[in-house]
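One structure is given below, encoded as structure tokens.
Okay, structure coming up:
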């Protein structure tokens, strides 16, 4: 399917007649070295072939009856530049170089198993595995239903996904996209035609993909006699894997294409599993697992049907259901029982309706059964959750779905129902008050245990070349105290995306991994763990820790629970009564409150500085007594306490932290008749400032206010000119629309110019300039040089360190004074103005 999209003619040397290929008679081999892909053009046709460049490797392959002409390019469209992908977050994700992947057709009489074992024993081979085919997980049914019992069960009340009640909360986001990795859909179907976003055209697999897509996201509430999809508004992106029965290379490319299509494609549905040449489930595929790892790293949620082989291969693990970081889904019937064919095992996560499910077919509607039908219910719920709370990570979505499921079978998790039947209403209700979801992060960790040396493969893992290594695995733990106290803990889990630890799996794809240490979660904290690897090359060279050292691990985790309440109210309080409230306090809790410092608050007109209950009325004493304050609600309830819940806010008008005068270290050393840039800074409180009022010493002038004193300006920066008035102060206060003028800030100043450095005044100067340098009580002869702004010397003479000189001959402009003495050169900027 993917190869048919190529725009250039490509001749596959080892494959003449694609239609006759049989993936079950093929092996996929990834060569680390010794084999290169080459392109040639012969008579206008591009030929792509795999060439063995190593004579040693060629002899090894010939020894097991594999010749060069048996190596077929598995993915001719792969661009080696695609080995580094950039996610929407900016994160760089390494990918396997699929130009190194070959197909090998097994000759008659050859043992596939034996050949794979021999290939995997070669150091030049990263992995060899059987090629696999995908098969849909549905059984067509002639039974039609007038209603979709899976959404609203009128036969056995409650044995559905509670869709109607969920839709009362939320019906979906039209920007979200669900990837349907399947046999294609009918894009013209009345219940799908407005939902398609890119992807492949056409359909096969007996309309299987059309049926799956309708369950997840058929057009709903659109005035037709059609069906309802779980997510009313999500778009559908179909990727077909039914070409040549969907072999591993096609499946890999379909998943990667879906992830790369849009950052809004948050969910991928997989209603299929892998089969061997005898149509049995069980074969794994590193090639396909790599595509799933890419989706996980990109923060996508992968939903997978468990399979329909419980009656023929009981408890056998099918893939991709057996992969890590997927949501696996079994199937229930209209009575709430597990369907007889639904696969079981410890890897199951949840179940969903999957027997006699009404959905879209080509130009019509009909029912099908199987875990193929169960999975898209979960994909639809996952899409609803992502639309309702867009900041959810893929691990958040998985855990919310499991937490909210209706327990079935044995109490708690079991291998038949997993965590239970999914409940869309309960999933969305977990976000309703008083519940709160927190996404927190912790850093650093300590080593809890270390393994001995063993062999580990890393495939497209960040920071380390794909290959086989000798490692010691270290379990790294971190005990955290929750930043917010909880009255009730509903759930806590790790988030792999953004974490810098890896899991236990081998081969390891470098997916982030964090989990809760069993038995450690409480209302106050939890212990988290992940794994890092101390890596050595197969030749014994130490390579360091990956993905990082234990002390640099980042643990991302999510907590869902009920707090002791949260404080709601404005960020500032003025001189009118203001209400501040403790929201979502535990039922029946005892609550008292107090503000500090009390000196900022008034106690008239019903306002107070302390009280009881979840509502407080406060007011500022006045606008001049302003500052930062804190209100503390003290909560005691049946789940604990007393616990303090606080909010910090501003009281009164805006206040400055200081006044800065440019190029002056001490405001008591200002020079007379000199211009200075003065700026008030650090204003806090009450929103945007609309006006500044300045008061300056008598006789001083400003560019902004002239001789007016005080004067107002819309900026915190003004330009002032001093006089010889001696000591005084600069005062500034600010005004905002919320509280009016705040308290003034005073800066004491003096124009004595008593400083140890260089002072020149007046500045700007007219005809005369006084120069003061060093100690005035000690005469010192220094050299004076004056340069213009073109660095041309305009004046030079020796003077005393305190002396008045004539600058009448200098033209109006900017100059630079240099004073030379035994300590070096001292510089000052000078402005000459001829018009007074």
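Residue numbers (this note's numbering): 4 to 839. Each residue gets a CB set at the ideal place from its N, CA and C atoms; glycine is no exception.
{"query": "CB of residue 840 within 9 Å of CB of residue 96, strictly", "result": "Outside the shown range of the chain (4 to 839) lies residue 840, about which nothing can therefore be said."}
{"query": "Residue 239 vs residue 183 beta-carbon contact at 9 Å", "result": "yes"}
{"query": "Minimum length 4: unbroken alpha helix (DSSP H) runs contained in the stretch 74 to 137", "result": "115 to 123"}
{"query": "Residue 626 vs residue 578 beta-carbon contact at 9 Å", "result": "yes"}
{"query": "Short Cβ contact (9 Å threshold) for residue 360 with residue 172", "result": "no"}
{"query": "Proximity test, residue 418 beta-carbon vs the ligand ADP heavy atom, cut-off 8 Å", "result": "Annotation note on the ligand ADP: not contained in the displayed structure, which lists no ligands."}
{"query": "Same chain, Cβ closer than 8 Å to residue 521, five either side skipped, listed in chain order", "result": "none"}
{"query": "Residue 440 and residue 563 closer than 9 Å at C-beta", "result": "yes"}
{"query": "CB of residue 568 within 9 Å of CB of residue 636, strictly", "result": "yes"}
{"query": "Complete beta strand (DSSP E) runs within the stretch 733 to 801 (minimum length 3 residues, chain order)", "result": "748 to 752, 761 to 764, 771 to 776, 784 to 791"}
{"query": "Proximal residues to residue 100 (C-beta, below 7 Å), its chain only, five neighbours per side dropped", "result": "83, 86"}
{"query": "Straight-line Cα distance separating residue 127 from residue 204", "result": "39 Å"}
{"query": "Beta-carbon proximity of residue 505 to residue 402, cut-off 9 Å", "result": "no"}
{"query": "Segment contact, 8 Å Cβ cut-off, at least three pairs: the stretch 535 to 552 with the stretch 450 to 465", "result": "yes"}
{"query": "For residue 694 and residue 575, the rounded distance between their alpha carbons", "result": "18 Å"}
{"query": "Closest by C-alpha distance to residue 62, when choosing among 37, 381, 833, 241", "result": "37"}
{"query": "Under the three-state DSSP convention, the category residue 205 falls into", "result": "coil"}
{"query": "Length of the line joining the Cα atoms of residue 326 and residue 253", "result": "18 Å"}
{"query": "Selected residue, minimal CA-CA separation from residue 828, among 41, 819, 28", "result": "819"}
{"query": "Residue closest to residue 805, alpha-carbon to alpha-carbon, out of 792, 816, 785", "result": "785"}
{"query": "Candidates 472, 215, 699, of which the one nearest residue 308 by Cα", "result": "215"}
{"query": "DSSP state of residue 477 mapped onto helix, strand, coil", "result": "strand"}
{"query": "For residue 148, three-class secondary structure by DSSP", "result": "Unreliable placement is indicated for residue 148, whose pLDDT of 34 sits below 50; the coordinate value is still reported in the next sentence. Coil."}
{"query": "Residue 278 versus residue 527: straight-line alpha-carbon distance, rounded", "result": "47 Å"}
{"query": "Buried versus exposed, by CB contacts within 10 Å (16 or more), residue 154", "result": "buried"}
{"query": "Option in 181, 733, 102, 333 with minimal Cα separation from residue 269", "result": "181"}
{"query": "Pair within 9 Å by beta-carbon distance, residue 310 and residue 140", "result": "yes"}
{"query": "Integer Cβ distance of residue 272 from residue 378, believed to fall under 8 Å", "result": "6 Å"}
{"query": "Contact the stretch 722 to 741 vs the stretch 641 to 652: 3+ CB pairs below 8 Å", "result": "no"}
{"query": "Any beta strand (DSSP E) of 3 or more consecutive residues that is wholly inside the stretch 668 to 738", "result": "678 to 684, 692 to 698, 714 to 716, 720 to 724"}
{"query": "Buried versus exposed, by CB contacts within 10 Å (16 or more), residue 654", "result": "buried"}
{"query": "Residue 260 beta carbon less than 9 Å from that of residue 242", "result": "yes"}
{"query": "Contact set for residue 618: own chain, Cβ-Cβ below 8 Å, skip 5 residues either direction", "result": "582, 583, 584, 585"}
{"query": "DSSP state of residue 867 mapped onto helix, strand, coil", "result": "This structure gives no information on residue 867, because the portion of the chain shown stretches from 4 to 839."}
{"query": "Other residues of its chain near residue 765: CB distance less than 7 Å, five sequence neighbours each side excluded", "result": "675, 676, 677"}
{"query": "Inside the stretch 256 to 339 only - alpha helix (DSSP H) runs reaching at least 4 residues", "result": "289 to 300"}
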